[in-house]
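In what follows, a single structure is set out as structure tokens and then discussed.
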Amino acid sequence: MKKILFIEDESVLQKALGDILKQKGYEMISALNGEIGFNLAKAEKPDLILLDLVLPKMHGFEVLKKLKEESETKEIPVIVLTNLERMEDVGQAVKLGAAAYLVKAQYTIEEVMEKIKKAIGE
Amino acid sequence: MLKRIFTQLNISAQCRRYGFSLWRCPQFLFLVMGGVIALTSIVSYLIGTRYITDPKMVSLIILVINTILFIIAFVMTQSFERLAEVSRMKSEFINIISHQLRSPLTNIKWTFELLTSKEIEMPSGKVEEYLNNVKENIARMVELIDNLLIISKIEQGTFPVLKKETSLENLIKKQVSRYKVFAEASHIELNFYPQKNLPEVFTDPSLLKLVVENLIDNAIRYTKGGGKVKIDLERREKDLFFKIKDSGVGIPKKEQGYIFQKFFRAENILKERTKGSGLGLYVCKSIIEKLGGKIWFESKEGKGTIFYFTLPIK
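First to last, the sequence lines map onto chains W and R. For the first sequence, position 5 matches number 237 in this note's numbering, and the numbering has no gaps at all. For the second sequence, position 82 matches number 84 in this note's numbering, and the numbering has no gaps at all.
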């Protein structure tokens, strides 16, 4: 079973996406802030990380930077899933090695699922 | 005469729109500079033809005129810089606002998709939870938009104030009983102690309600893991004096100067919660000042915060 880590402080989104992922046969682990998210990524080595940017404790970009610095986590694909849309943010995410940058409000869960499948290679 | 030219050129209105006083506004300064140049040309011609025997005097006058022009040009450059800053702040404002609006909107969108999807089976017990999520996030959006509209009205100066005889005591009582459930859920004791025989105040109750709501909401929200929130209301000479004391996280000393600024959120709060809009206290201050009162606070990080406001009785 593929394991997906969702780092997101909105618990409503955690639940919504978590319910779907479970039904589609994935295992989802959730983190409500950046610090827990980074530690979980190291401990659990998920197949994919969904990362919000505006997060308590540690900003999403810092999480992404640290993930890409650590040898155990740098190969894990990271999809940035945020509601920020400035070009600087998109550029920064790509520079730091994000596999994709999705603006949450513009995507349905269905479409997010498509991106997840693609990133995991299914 | 000068005033009529200004109104015709509509300069003061333009300057107001930028939020500049006349003496810091580029359009006005250009006009002044033009005036000074025209005037000095005439004057220096007159002086030049009259005092031609004293070239020292002429060069001194030219020096003074140049200095004046230099100062005006300098102030003008500065005002352009401020104009650029205003425009930068505006785009930053739109960036923050769109993010803040999108967060509850995404919650609603995704939850709704789950509720209506034919593909996904919804366990029956979960439907209610999901509907509650939708309801909460709609309320979050409404609150944010209300705050934004108030702010926009405050900044445009088209802020309607409808004053009438109001019992601040009853207004607070109503809010306290409304917040009681929320407080109890967070293990917080919420109490209100009004002085006896308080007079009514001539003020705008719907605006005041927003202030009281914001202050109670903050006090409860930022008192983590149980504690006390105590509200006092008393008469102090010609004012009513409101005090709300919490035993919450407090505001770090170095950030206390920014607390009433638009979108400002203290660092210790930001580490725990990213959901607030940073608009509440800005709205409170704008309203209280508009109603002729004062608002301030005392706070110690880790100990708690006390917010005060006064309102003139008449």
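Just so you know, even glycine gets a beta-carbon here, dropped at the ideal spot from N, CA and C. Quick caveat: nothing in here was measured; it's all calculated off a predicted structure.
The segment 114-131 of chain R: which residues have C-beta closer than 9 Å to a C-beta of chain W, in chain order?
-> E115, L116, S119, E121, I122, E123, M124, P125, K128, E131
Which residues in chain W sit within 7 Å of S105(R), going by Cβ to Cβ distance?
-> For the purposes of this step, residue 105(R) is taken as the residue at position 103 of the second sequence. Neighbours of S105(R) on chain W, chain order: E242, N315.
Mind pulling the chain R residues with CB within less than 8 Å of I348(W)?
-> Mapped onto the first sequence, residue 348(W) falls at position 116. Chain R residues near I348(W): none, gap ~14 Å exceeds 8 Å.
Would you tell me roughly how many angstroms separate the C-alpha atoms of Y181(R) and E171(R), rounded to the nearest one?
-> Locating residue 181(R) in the second sequence gives position 179, counting from the first residue. Locating residue 171(R) in the second sequence gives position 169, counting from the first residue. Cα to Cα, Y181(R) sits roughly 15 Å from E171(R).
is_contact[S188(R), chain W] using C-beta, thresh 9 Å = On the second sequence, position 186 is the one that residue 188(R) refers to. Not closer than 9 Å to any Cβ of chain W, the Cβ of S188(R) fails to qualify, so no.
Using a Cβ cut-off of 8 Å, which residues of the segment 242-262 of chain W contact any Cβ in chain R, in chain order?
-> Listed in sequence order: E242, V244, L245, K247, A248, L249, D251, I252, Q255.
Relative to the C-alpha of V285(R), which residue among I253(R), E157(R), L235(R), E191(R) is closest?
-> In the second sequence, counting from the first residue as 1, residue 285(R) sits at position 283. That would be E157(R), whose Cα lies nearest to the Cα of V285(R).
Name the chain R residues that come within less than 9 Å of V322(W), Cβ to Cβ?
-> Counting from 1 along the first sequence, the entry for residue 322(W) is found at position 90. Residues of chain R with a Cβ closer than 9 Å to the Cβ of V322(W) do not exist, since the nearest Cβ in that chain sits about 13 Å away.
Span of the beta strand (DSSP E), counted from its first residue to its last, around L334(W) = Here residue 334(W) refers to the residue found at position 102 when the first sequence is read from its first residue. From DSSP, the beta strand (DSSP E) with L334(W) extends over 332-335.
Grab me the residues of F161(R)'s own chain with a C-beta within less than 7 Å of its C-beta, minus the 5 sequence neighbours each way, in chain order.
-> Position 159 of the second sequence, counted from the first residue, corresponds to residue 161(R). The residues are K155, K292.
Distance CB(I281(W))-CB(I252(W)) smaller than 9 Å = Residue 281(W) sits at position 49 when you count from the first residue of the first sequence. Residue 252(W) sits at position 20 when you count from the first residue of the first sequence. One thing to note: I281(W) has its Cβ no nearer than 9 Å to the Cβ of I252(W).
State the DSSP-derived secondary structure class of M35(R), mapped to helix, strand or coil.
-> One-based indexing of the second sequence puts residue 35(R) at position 33. Of the three classes helix, strand and coil, the one that applies to M35(R) here is helix, per DSSP.
Backbone CA spacing between G269(W) and E186(R) [nearest angstrom] = Locating residue 269(W) in the first sequence gives position 37, counting from the first residue. Locating residue 186(R) in the second sequence gives position 184, counting from the first residue. If you take the alpha carbons of G269(W) and E186(R), they lie about 31 Å apart.
State the DSSP-derived secondary structure class of F243(R), mapped to helix, strand or coil.
-> Start at 1 with the first residue of the second sequence, and residue 243(R) comes out as number 241. Here F243(R) carries a strand assignment [DSSP, helix/strand/coil].
Of all the CB atoms in chain W, is at least one closer than 9 Å to the CB of T69(R)?
-> Position 67 of the second sequence holds residue 69(R). Answer no: the Cβ-Cβ gap between T69(R) and chain W never drops below 9 Å.
Pick out whichever of E94(R), P201(R), L173(R) has its Cα sitting closest to the Cα of I218(R).
-> By one-based count along the second sequence, residue 218(R) stands at place 216. Of E94(R), P201(R), L173(R), the residue nearest in Cα terms is L173(R).
Give the secondary structure of I268(W) by DSSP, where H, G and I count as helix, E and B as strand, and everything else as coil.
-> Within the first sequence, numbered from 1, the residue matching residue 268(W) stands at position 36. Annotated three-state conformation of I268(W) is helix, per DSSP.
For N193(R), write down the residues that DSSP places opposite it in a beta bridge.
-> For the purposes of this step, residue 193(R) is identified with residue 191 of the second sequence, where counting begins at 1. According to DSSP, N193(R) bridges with K232(R).
Alpha helix (DSSP H) segments (min. 4 residues) lying fully within the segment 269-304 of chain W = 292-301
Please check if any C-beta of chain W sits within less than 9 Å of the C-beta of W25(R).
-> Numbered from its first residue, the second sequence carries residue 25(R) at position 23. No, W25(R) does not count as interfacial toward chain W.
Out of F266(R), A221(R), E239(R), which has the shortest C-alpha to C-alpha gap to G250(R)?
-> The residue you call residue 250(R) lines up with position 248 of the second sequence. Checked all of F266(R), A221(R), E239(R); the closest Cα to G250(R) is A221(R).
Please determine, among R90(R), F265(R), I64(R), K58(R), the residue with the shortest C-alpha to C-alpha distance to N149(R).
-> As a working note, residue 149(R) is residue 147 in the second sequence. Closest option to N149(R), Cα to Cα, is F265(R).
Could you give the distance in angstroms between the alpha-carbon of R142(R) and the alpha-carbon of L264(W)?
-> Taking the second sequence and counting its residues from 1, one reaches residue 142(R) at position 140. Taking the first sequence and counting its residues from 1, one reaches residue 264(W) at position 32. Rounded to the nearest angstrom, the two C-alpha atoms are 19 Å apart.
Work out the CA separation of I152(R) and L283(R) for me, nearest whole Å.
-> On the second sequence, residue 283(R) is found 281 positions in, with the first residue counted as 1. On the second sequence, residue 152(R) is found 150 positions in, with the first residue counted as 1. Roughly 12 Å between the two C-alpha positions.
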